[in-house]
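Everything on this sheet refers to the single structure shown next.
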Amino acid sequence: MSDIELAARELTEARQSGKPCPPVRGRLLPEGDVEAAYRVQQRQVGEWLAAGQRRVGAKIGLTSRVVQESFGVFEPDFGVLTDAMAVPDGAEVALDRLLAPRVEAEVAFVLGADLPDGRVTTADLVRAVDHLLPAIEIVDSRVAGWDISIVDTVADNASSGLFVLGTSPRRLADVDLRLCGMVLEHAGEPVSVGAGAACLGNPLHALAWLADTMARAGDPLRAGDVVLSGALGPMVPVTPGAAYEARISGLGSVRTCFSREVAS
3 MSDIELAARE LTEARQSGKP CPPVRGRLLP EGDVEAAYRV QQRQVGEWLA AGQRRVGAKI
63 GLTSRVVQES FGVFEPDFGV LTDAMAVPDG AEVALDRLLA PRVEAEVAFV LGADLPDGRV
123 TTADLVRAVD HLLPAIEIVD SRVAGWDISI VDTVADNASS GLFVLGTSPR RLADVDLRLC
183 GMVLEHAGEP VSVGAGAACL GNPLHALAWL ADTMARAGDP LRAGDVVLSG ALGPMVPVTP
243 GAAYEARISG LGSVRTCFSR EVAS
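Start counting the sequence shown at 3; every next residue gets the next number (the numbering used here).
Listed below in structure tokens is the structure:
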């Protein structure tokens, strides 16, 4: 069994058992080998799709300059979204679906046209975006203690978990994505604040990066895809039994809550 297969197997077993695994970097994958990490990711996603899950889009990570510098990288990463990761607005999430969840608020793009070509222009993106939604991404790590590098998070599908979309679509022309403010609240108190500029200067810039990257990889963004464009503020560790609401200026709000304890 190759190191790629072993890394994919360990991450899959961690996901299924609820017991995290050690970091894969420096043990199964070379330090800094992002290409190998994406091969691990692709192997896992291929297994999910073969088992009947449906690809519904992609998520972008590492969109904060501060976070990029902490990893020693200077571009984002991405993971795949499937229908099994979607949670209805306001629905309770069972904690036994996750290992070490954290929440963050994001702008979600829903595409109305394919983006098959690299080097997209802003005009290409404006034409392709059908509407925007507020989103909460529930990030998670199969690596023990969130002890991750760029290699670990990419291999682990960009530390994806679940995602929640709001239900009131907005047109791109009606929202100032750079200046839109965000507040994520728990029990009526802010636990994370930010703005669109925290996401590569503008969430549309993150979408452009993803469209180019996926087109070059031969798996372009398609009409109907949901794109989670990256956090607008710091992510927050989940408290059992807590409810979270994210409000983004011009986009409205989205909510999620969690069970009080892990089911036996």
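C-beta: ideal position from N, C-alpha, C; glycine also. Values in this document were obtained by computation on a predicted structure and should not be read as measured data.
- One alpha carbon belongs to glycine 226, the other to arginine 27, and they sit about 34 Å apart.
- Scanning its chain for C-beta atoms nearer than 7 Å, with the 5 sequence neighbours on each side dropped, one finds around alanine 39 the residues Leu31, Val153, Val156 and Ala157, in chain order.
- When Glu108, Val131 and Glu77 are compared, the shortest CA-CA separation from arginine 257 is found for Glu108.
- Counted as a single uninterrupted DSSP element, the beta strand (DSSP E) harbouring glycine 63 occupies residues 57 to 63.
- For alanine 110 against leucine 202, the beta-carbon gap comes to about 15 Å, at or over 8 Å, which does not count as contact.
- Contact fails between the stretch 54 to 64 and the stretch 190 to 199, because fewer than three Cβ pairs, one in each stretch, are under 8 Å apart.
- Closest in C-alpha terms to glycine 54, from the list Ala199, Asp119, Ser161 and Asp85, comes Asp85.
- With contacts defined by Cβ atoms closer than 9 Å, serine 170 and leucine 113 do not form a contacting pair.
- By the beta-carbon neighbour count (other beta carbons within 10 angstroms, threshold 16), leucine 181 is exposed.
- Fully enclosed beta strand (DSSP E) runs of no fewer than 3 residues occupy 183 to 188 and 191 to 197 of the stretch 166 to 231, in order along the chain.
- Residue pairing of proline 239 in beta bridges, as defined by DSSP: Arg104.
- In the DSSP assignment, alanine 88 is bridged to Phe165.
- Excluding residues up to 5 positions away in sequence, Val122, Thr124 and Leu127 lie with their Cβ nearer than 8 Å to the Cβ of alanine 210 in the same chain.
- Arginine 29 and arginine 11 have their C-alpha atoms some 14 Å from each other.
- Selection Ile62, Gly235 and Gly254 evaluated against alanine 199 yields Gly235 as nearest (Cα-Cα).
- Here isoleucine 152 carries a helix assignment [DSSP, helix/strand/coil].
- With at least 16 other beta carbons inside 10 angstroms of its own, valine 141 counts as buried.
- Judged by their CB atoms, proline 242 and glycine 163 are not nearer to each other than the 9 Å cut-off.
- Taking the Cα of glutamate 187 as reference, the smallest distance to any Cα among Pro205, His133, Leu253 and Ala248 is reached at Ala248.
- With respect to serine 143, proline 22 sits close: the two C-beta atoms are nearer than 9 Å.
- Relative to the Cα of leucine 174, the nearest Cα in the group Leu64, His133 and Asp214 belongs to His133.
- Rounded to the nearest angstrom, the Cβ distance from isoleucine 62 to leucine 179 is 14 Å, too far for a contact under 8 Å.
- One alpha carbon belongs to arginine 172, the other to valine 131, and they sit about 11 Å apart.
- Look at phenylalanine 111 here: in three-state DSSP terms it is strand.
- Here DSSP, grouped into helix, strand and coil, assigns glutamate 94 to strand.
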